[in-house]
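Residue numbers (the working numbering): 1013 to 1390. Below you'll find the structure, written out as structure tokens, and then a few comments.
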């Protein structure tokens, strides 16, 4: 049980780091000095660099069975780099460089953290528990701490909390006992079923990350809600996420992970169809549904990659999952902006976004036929 709790608690620290530093404080700080376009361009470039690094390190970790060692190394690195942000906060150029190094270390940390999930028999339950505790951590951080924290102290606070919550995993988690294997990156890149699953996940995470980024704007523009009301709706989505993590994790015990993952397409299509027609009085219910849907994606996607594909290639393959989450963040915003430009309607833009869920569902459902077609084409 102590290993399960240790793994799940790390999710709390990681989510707090993401919510406070990556989503709120640093973007607001750096865009005082450089344009949003410049920041997002280089941020996207950093994610590409991070993916290349994670492929190389994932290959080394799988071949030499170093997953726990890399996880520990990058956990410490993330904490130190976050502390360095506090030290260089008066210099925006140094701050930007440190932040980019932090983003790279953070992505590597997530890859090797997720790979530790292979050490559990009940992978789905442990994954869901981590998602639930992550929701609790982000909600508590944003609702009770963020408003009282200022730069540079916010970085010191976050670094210490992150390291404190990472320590149980560092101390009690074991390196997964998996036989090392020589990794052939060319073979993984030619694994069409794997790539089709990754692309289908990309379409789903595109919707999820766009929702996370724009829900506050949507509620303000469409329903004219005040900030206090927006926080209430988003807060209730966290409640849905907390419950959903436990429920979806529990259901992985009884259902094939591929079949359980398909439900995500149904959930997100339903959400996007319902949202434009939701009366103001029912927004809290929809918020709960949104959090429930998000927890399904975060709980099942990493379990899907771990259980369907060879476990001795887990670190390398999880690098792809990590990059889909980052690409989808920017891609979803670009597509949303395009639809909004065409329609000048937030509601119509949401309805158009549902088409991408259908595309992802088709790719995932018919991947065997698509694999056959692609193989013949090759």
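All C-beta atoms in this analysis are idealised placements derived from N, C-alpha and C, irrespective of residue type, glycine included.
Counting C-beta neighbours from all protein chains within 10 Å, is the total for residue i 16 or more, i.e. buried, or is it exposed?
i	result
residue 1315	buried
residue 1071	buried
residue 1218	buried
residue 1230	buried
residue 1105	exposed
residue 1294	exposed
residue 1221	buried
residue 1135	buried
residue 1167	buried
residue 1266	exposed
residue 1076	exposed
residue 1201	exposed
residue 1096	buried
residue 1233	exposed
residue 1059	buried
In chain order, what residues of the same chain have a beta carbon less than 6 Å from the beta carbon of residue i, not counting five sequence neighbours either side?
i	result
residue 1174	1025, 1029 and 1091
residue 1351	1361 and 1364
residue 1214	1336 and 1340
residue 1062	1116 and 1119
residue 1242	1228 and 1231
residue 1359	1288
I'd like the list of long-range same chain contacts for residue i, defined as Cβ closer than 7 Å, with 5 residues on each side in sequence excluded.
i	result
residue 1385	none
residue 1237	1231
residue 1066	1119, 1120, 1123, 1331 and 1334
residue 1142	1019, 1020 and 1023
residue 1152	none
residue 1254	1144, 1147 and 1148
residue 1283	1301, 1302 and 1305
The ligand COA heavy atoms versus the CB of residue i: any closer than 7 Å?
i	result
residue 1286	Absent from the structure shown: the ligand COA. Ligands present: none.
Can you find the residues in the same chain that come closer than 8 Å, C-beta to C-beta, to residue i, ignoring five residues on each side of it along the sequence?
i	result
residue 1157	1032 and 1169
residue 1181	1018, 1019, 1021, 1022, 1083, 1087, 1125 and 1128
residue 1380	1205
residue 1210	1332, 1333 and 1336
### Query
With contact counted as at least three CB pairs below 8 Å, one residue from each stretch, are the region 1350-1370 and the region 1268-1275 in contact?
The region 1350-1370 vs the region 1268-1275: no contact.
### Length at least 4, wholly inside the region 1295-1361: the alpha helix (DSSP H) runs in chain order
If you keep only unbroken alpha helix (DSSP H) runs of at least 4 residues inside the region 1295-1361, you get 1295-1320 and 1326-1355.
#### Entry: Entirely enclosed alpha helix (DSSP H) segments - the region 1195-1263, minimum 4 residues
1197-1201, 1204-1235 and 1239-1263
### Message
Is it the case that the region 1301-1308 contacts the region 1234-1249, given that we only count it when at least three CB pairs across the two stretches are under 8 Å?
### Response
yes
### Task
Taking only runs that begin and end inside the region 1058-1120, name each unbroken beta strand (DSSP E) of 3 or more residues, in chain order.
Given a length threshold of 3 residues, the region 1058-1120 has no whole run of the beta strand (DSSP E) inside it.
### Message
Could you check whether the region 1309-1325 touches the region 1053-1069, counting it as contact only if at least three pairs of C-beta atoms, one from each stretch, sit closer than 8 Å?
### Response
no
### Task
Determine, using beta-carbon pairs with one atom in the region 1290-1298 and one in the region 1109-1123, whether at least three such pairs fall under 8 Å.
The region 1290-1298, when compared against the region 1109-1123, does not touch it at the 8 Å Cβ threshold.
### Query
Taking contact to mean at least 3 C-beta pairs separated by less than 8 Å, is the region 1183-1197 in contact with the region 1028-1048?
Touching, no, given that fewer than three Cβ pairs across the two stretches are closer than 8 Å.
#### Entry: Stretch-stretch touch, CB-based, cutoff 8 Å, three pairs: the region 1086-1102 with the region 1121-1138
Enough Cβ pairs lie closer than 8 Å, so yes.
### Message
Three or more C-beta pairs under 8 Å: does that hold for the region 1183-1193 against the region 1072-1083?
### Response
yes
### Query
Between the region 1343-1359 and the region 1141-1155, are three or more C-beta pairs nearer than 8 Å?
no
### Task
Please specify which runs of the alpha helix (DSSP H), each continuous and at least 4 residues long, are wholly inside the region 1153-1186, giving them in chain order.
Within the region 1153-1186, the runs of alpha helix (DSSP H) that reach at least 4 residues and sit entirely inside it are, in chain order, 1165-1184.
### Query
Can you give, in chain order, each stretch of the alpha helix (DSSP H) that sits fully within the region 1013-1043 and has at least 4 residues?
1014-1029 and 1038-1042
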